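To keep things clear, I will list the structure first and then write my remarks on it.
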Amino acid sequence: MREVSVIMGSELIEMFKTMRRLGMPPMQSRKMRNGMGTADIVGIGDNGAEVVRRLMESDCVNAIYLVLHRDEKKLRQMKADTIAMKDDSWEVVENVMTASFESLPISYQKFCFYYRQTWRFLYPSLVLADFSEAIGRETAPAAAKNSVYGSTQKIAVVHVPLIEKLMDKNETEMRETELYQRFQCLCEQAEAVIAMGDDASAALGTAEANAMAKRQSDFVGDLLLALHGDGEMRLSWQEVRAFLSAGRLSRRGNLWQAWSSEAADVRSAMADVQRVLSCGGALQAAKRVFVMVTGKEGELSLPAVQKTMAELSALMDKEAEVLLHVNSEKEFDAGVRINMAVQVEREC
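This is the structure in structure tokens:
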């Protein structure tokens, strides 16, 4: 027992030394660090901050939220934990194996120290970002990587513009762009990448940026609600994680294209999801499909869900595996919402 106490004492001393050098870690989520949190979520830049804000205003209040941003004024407006990026670039972190911890960017040191205090293996660990933002492209791969310094490998739920072109092997010029190279880095570092492209029928600008943040928050929020449902309505995170992580390759990574849509009924919501995910043939070629259907308790028709899923199966590969979960919520006024992700095979 004495030997154990010495080890714990030395670790405590090192922790206090780190805290003194880096400053105190964010403490707004201290009440969650006793094991009551449901997920560890990192939001990056304007997009990540908006997604986190939406999640915190919904029923997903028990997750531990961390926002990374360069604008300290915006960070002061957040109710989540925050770390100021300032001018730090995390690209140097992606391939670092032997550098001393003290030589890494200060904001990344704070990030790793934060996760050493908060991370729990049995809960989802997610990164939220937009690759149309420079900070998203620069930071998401390092935030999602498995680091010996304390941060764990995460699943990224991101907006990726021009994703159909990035996936098209005939678009050789795209492979020379920063967007493609940063996207490739994210695929290599993350446990899985759930990417949402652009809606060709939508307007551009702030309205579409907010709509994208809503889709990301709906996808993550419905997942977290499904993981903490009652009895038979509960979805196992171990099952979801195994399904999303299957088939991961070190260079190609593990890419899923996703979409979230709301409509008056199941069939209409599914039609919109199919419209988006059929672009480029992702839906038709998918080997794995993850579907979450959310509606109001007592109003969501299970026969309608079954019929819609049968129609969906006719469009997919006959050998495709499907993981379906139906959420029935007591308070849900959006009609029906469908979140769907399809696994995509890609070439480097």
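Mapping the sequence shown onto the numbering used here, position 290 (from 1) lands on 409, and the numbers just tick up by one. By construction, the Cβ of each residue, glycine as well, lies at the ideal position given by its N, Cα and C atoms. Predicted model only: the values in this text are computed from it and were never measured.
Item                                                                                                 : Value
Beta-carbon proximity of SER379 to VAL359, cut-off 9 Å                                               : no
Helix, strand or coil at GLU307 according to DSSP, with G and I counted as helix                     : helix
Residue range of the unbroken beta strand (DSSP E) whose run includes GLY414                         : 407-415
Rounded distance between the beta-carbons of VAL212 and ALA261, thought under 8 Å                    : 4 Å
Start and end residues, alpha helix (DSSP H) containing SER364                                       : 356-364
In DSSP terms, what ARG456 is bridged to                                                             : GLU381 and THR413
Residue ranges of each beta strand (DSSP E) within the segment 216-276, 3 or longer                  : 244-249
Sub-9 Å separation of VAL395 and ASP337 beta-carbons                                                 : no
Segment contact, 8 Å Cβ cut-off, at least three pairs: the segment 183-200 with the segment 289-296  : no
Residues near ASP170 by beta carbon distance below 6 Å, same chain, minus five either side           : A small correction: the amino acid at residue 170 is Val; Asp does not occupy that position in the sequence shown. Taken in chain order, the residues that qualify are GLY162, LEU247, ALA332, GLN335 and SER336.
Residue from SER447, ALA401 and LEU402 with nearest C-alpha to LEU421                                : SER447
Rounded distance between the beta-carbons of ALA345 and MET444, thought under 8 Å                    : Going by the sequence as given, residue 444 is His instead of Met. Between ALA345 and HIS444 the Cβ distance is about 5 Å, and since that is below 8 Å, they are a contact.
Inter-residue Cα distance where the pair is ILE398 and GLU283                                        : Residue identity differs from the one stated: residue 398 is Cys in this sequence, not Ile. Cα-Cα distance, rounded: 7 Å.
Whole-Å CB distance - MET204 paired with THR258, under 8 Å assumed                                   : 7 Å
Counted within 10 angstroms of its Cβ, other Cβ atoms place THR201 as buried (16 or more) or exposed : buried
For ASP200, three-class secondary structure by DSSP                                                  : strand
Cβ pair TYR234, ASP159 closer than 9 Å                                                               : yes
Residue(s) in a DSSP beta bridge with ASN446                                                         : THR413
Straight-line gap, ALA429 to GLN272 (C-alpha atoms, nearest Å)                                       : 35 Å
Nearest-angstrom beta carbon gap, TRP375 and ALA460 [assumed within contact, 8 Å]                    : 4 Å
Under 9 Å between C-beta atoms of LEU442 and VAL412                                                  : no
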